[in-house]
Every structure is written in structure tokens, then in C-alpha cells.
Amino acid sequence: KAGVTQTPRYLIKTRGQQVTLSCSPISGHRSVSWYQQTPGQGLQFLFEYFSETQRNKGNFPGRFSGRQFSNSRSEMNVSTLELGDSALYLCASSLGAELNYGYTFGSGTRLTVV
Amino acid sequence: AQSVTQLDSHVSVSEGTPVLLRCNYSSSYSPSLFWYVQHPNKGLQLLLKYTSAATLVKGINGFEAEFKKSETSFHLTKPSAHMSDAAEYFCVVSGPEYGNKLVFGAGTILRVKS
Numbered sequence: 001k002a003g004v005t006q007t008p009r010y011l012i013k014t015r016g017q018q019v020t021l022s023c024s025p026i027s028g029h030r031s032v033s034w035y036q037q038t039p040g041q042g043l044q045f046l047f048e049y050f051s052e053t054q055r056n057k058g059n060f061p062g063r064f065s066g067r068q069f070s071n072s073r074s075e076m077n078v079s080t081l082e083l084g085d086s087a088l089y090l091c092a093s094s095l096g097a098e099l100n101y102g103y104t105f106g107s108g109t110r111l112t113v114v
Numbered sequence: 115a116q117s118v119t120q121l122d123s124h125v126s127v128s129e130g131t132p133v134l135l136r137c138n139y140s141s142s143y144s145p146s147l148f149w150y151v152q153h154p155n156k157g158l159q160l161l162l163k164y165t166s167a168a169t170l171v172k173g174i175n176g177f178e179a180e181f182k183k184s185e186t187s188f189h190l191t192k193p194s195a196h197m198s199d200a201a202e203y204f205c206v207v208s209g210p211e212y213g214n215k216l217v218f219g220a221g222t223i224l225r226v227k228s
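Taken in order, these protein sequences are the chains called P and Z.
Throughout the first sequence, residue numbering follows the numbering used here, covering 1 to 114 in sequence.
Throughout the second sequence, residue numbering follows the numbering used here, covering 115 to 228 in sequence.
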């Protein structure tokens with residue numbers, strides 16, 4: 001059974017550009033969450049989607065956005081990139097909306113902004 | 115106020131000796147608690163989860179954790195460390211008071227000496 005797939009694995013962008021990251025959840029999983037991991041701030045929640053609806057959003061500026069498609073695949077977009085956006089972005093999928101299902105994480109996309 | 119505190123940023127053990135990674139949480143309700151492991155340049159793997167069932171939770175790779183409400187602790191243990199256990203470990207809390215999102219501790223880096 002395929003795991004959570006994130007593409008691309010590595011990305012280098014220039015300040016001011018925008019970027020789109022993709023996440024394909026485990027087949028049958030309807031919940032997708034995104035997290036940002038940096039050495040200084042650790043792991044921080046970005047947003048969660050369930051059945052194409054954003055259910056939850058973290059404390060990030062509006063430059064960070066996301067969406068989920070009918071096949072549960074999700075994308076996140078960061079516009080007007082800043083140096084501080086350099087991070088490992090992790091996607092997690094879950095079977096349902098309840099916490100006791102647990103989350104399966106992908107390997108992440110490492111974004112470097114120069 | 116911090117929601118989850120991992121009491122040690124680094125732990126070093128010898129191969130074959132017990133592992134103890136400490137975690138304290140703050141919650142007004144009965145939370146959901148998780149331990150995740152992250153190997154270098156990899157995503158997060160779920161070790162175990164507590165969701166109001168048995169207080170002693172057994173996970174993968176010989177790890178287990180005990181939920182102690184009176185001490186607000188959820189320490190991770192393993193009887194005998196293996197070299198492959200060297201990684202970063204995250205204690206995670208969630209529940210309705212956290213908007214049902216995962217809130218991560220700062221992480222504990224486990225070093226295993228041969």
C-alpha cells in the first residue's frame with residue numbers, strides 16, 4: 001500500500017517567487033494536514049482539509065494557502081516567498097476526521113528560499 | 115503556555131540499555147497523545163498513540179508509553195536500545211482544546227552508543 005507522497009522532494013526558489021507543493025494521501029484517506037518544520041520553531045501546524053473543506057488553520061500569514069481536490073490530493077501554495085519560509089514542509093493524511101485514526105506523514109518537501 | 119514539554123533535548127544511551135524519553139503535557143481534558151520518530155532527512159513515523167483506552171500503550175519496534183493523568187506525563191520507554199533507534203522523537207498532544215490539530219513538543223534527539 002503506497003504511503004503519503006509529497007512532490008517535489010527538494011525545491012530552491014528566490015525571494016518574492018511563489019511555490020506550490022503537492023501531497024497525495026494514502027488511498028482512502030480523506031483528511032490531509034500540512035506542517036512546517038524549522039530548526040527554530042519546530043513543527044507548526046499550517047492547515048487541515050477534510051473532504052475538500054478547510055477544517056482548521058494555524059497561525060500563518062495569508063501568503064500560505066492550500067486546497068484539496070475531490071480525489072483527496074492536496075496542494076499548498078506560498079506566495080511572495082521570504083527567506084524565513086525555508087523549511088521542511090510535511091503533509092499528513094488520516095482515514096477520517098477523528099484523532100484516534102492517527103496520522104501518516106510523508107517524507108516532506110524541503111524548500112530553500114535564496 | 116506550552117502544551118507539551120519534552121524534558122530533555124538530547125539523550126544518550128549505550129546499545130542494549132534502557133531508553134527513557136520524558137514528556138509532560140498540559141490539558142484540561144483527556145487528551146490524545148502520540149509519539150512520533152523522525153530519522154534524518156525522513157518524514158515522521160507514528161510509534162504509538164493514546165486515545166483514552168489502556169493507559170499502557172505498546173507501539174512499534176519495542177517502544178511503549180504510559181499515560182499518567184496524575185502526573186500529566188506520557189514518557190516513552192524501550193527496554194533495550196538498538197543502534198537503529200538513533201533519531202529524533204516527538205511527543206504530540208491533541209484534542210478539542212487544541213482544535214483537534216497536532217501540537218508537537220520540541221523533540222528529543224536520541225543518541226545510541228556502541
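In this text, a Cβ means the ideal position worked out from N, Cα and C, and glycines have one as well.
Only a predicted model underlies this, so the values are computations on that prediction, with no experimental measurement involved.
Contacts of residue i in chain Z (Cβ-Cβ under 7 Å)
i                : result
glycine 40(P)    : Near glycine 40(P) there are no residues of chain Z at all, since even the closest Cβ is about 11 Å away, more than 7 Å.
leucine 21(P)    : Residues of chain Z passing the Cβ test: none, with the nearest at roughly 14 Å.
glycine 28(P)    : Correct list: empty, because the minimum Cβ distance to chain Z is about 17 Å.
asparagine 59(P) : The contacting residues do not exist; asparagine 59(P) stays about 11 Å from chain Z at best.
DSSP three-state assignment for residue i, whether helix, strand or coil
i                   : result
isoleucine 174(Z)   : helix
leucine 83(P)       : helix
tyrosine 139(Z)     : strand
tyrosine 103(P)     : coil
glutamate 180(Z)    : strand
serine 208(Z)       : strand
serine 51(P)        : coil
serine 117(Z)       : coil
serine 198(Z)       : helix
isoleucine 26(P)    : coil
phenylalanine 60(P) : coil
lysine 156(Z)       : coil
threonine 112(P)    : strand
leucine 161(Z)      : strand
threonine 169(Z)    : coil
Amino acids of chain P, ordered along the chain, whose beta-carbon sits closer than 7 Å to that of residue i
i             : result
lysine 156(Z) : Ser107
Whether residue i touches residue j by CB criterion (8 Å)
i                   : j                 : result
valine 125(Z)       : glycine 219(Z)    : no
methionine 76(P)    : glycine 84(P)     : no
phenylalanine 45(P) : glycine 62(P)     : no
asparagine 56(P)    : glycine 213(Z)    : yes
serine 142(Z)       : glutamate 211(Z)  : yes
leucine 134(Z)      : tryptophan 149(Z) : no
methionine 197(Z)   : valine 226(Z)     : yes
serine 187(Z)       : asparagine 155(Z) : no
glutamine 41(P)     : glutamate 52(P)   : no
phenylalanine 50(P) : serine 27(P)      : no
Within chain Z, partners of residue i - CB distance below 8 Å
i                   : result
phenylalanine 50(P) : Result: empty, since nearest Cβ-Cβ is about 10 Å, beyond 8 Å.
glutamine 45(P)     : The sequence as given places phenylalanine at residue 45(P); glutamine does not occur at that position. Neighbours of phenylalanine 45(P) on chain Z, chain order: Lys215, Leu216, Val217.
Neighbouring residues, chain P, relative to residue i (Cβ below 8 Å)
i              : result
alanine 220(Z) : Gly42
Cβ distance (whole Å) where residue i is taken to contact residue j below 8 Å
i                : j                    : result
leucine 88(P)    : glutamine 18(P)      : That pair is no contact at about 19 Å.
glutamate 178(Z) : threonine 169(Z)     : Incorrect: roughly 11 Å between the Cβ atoms, too far for contact.
cysteine 23(P)   : serine 79(P)         : The pair is not a contact, with the Cβ atoms about 18 Å apart (cut-off 8 Å).
glycine 157(Z)   : phenylalanine 105(P) : 4 Å
Chain P contact residues for residue i, given Cβ-Cβ distances below 9 Å
i               : result
tyrosine 160(Z) : Note that residue 160(Z) is leucine in the sequence shown, not tyrosine. Going along chain P in sequence order, the residues near leucine 160(Z) (Cβ under 9 Å) are Gly102, Tyr103, Thr104, Phe105.
leucine 204(Z)  : In the sequence as displayed, the identity of residue 204(Z) is phenylalanine instead of leucine. Per Cβ cutoff of 9 Å: Gly42, Leu43.
Anything in the segment 65 to 97 of chain P with a Cβ closer than 7 Å to a Cβ of chain Z? List those residues in chain order, please. Correct list: Leu90.
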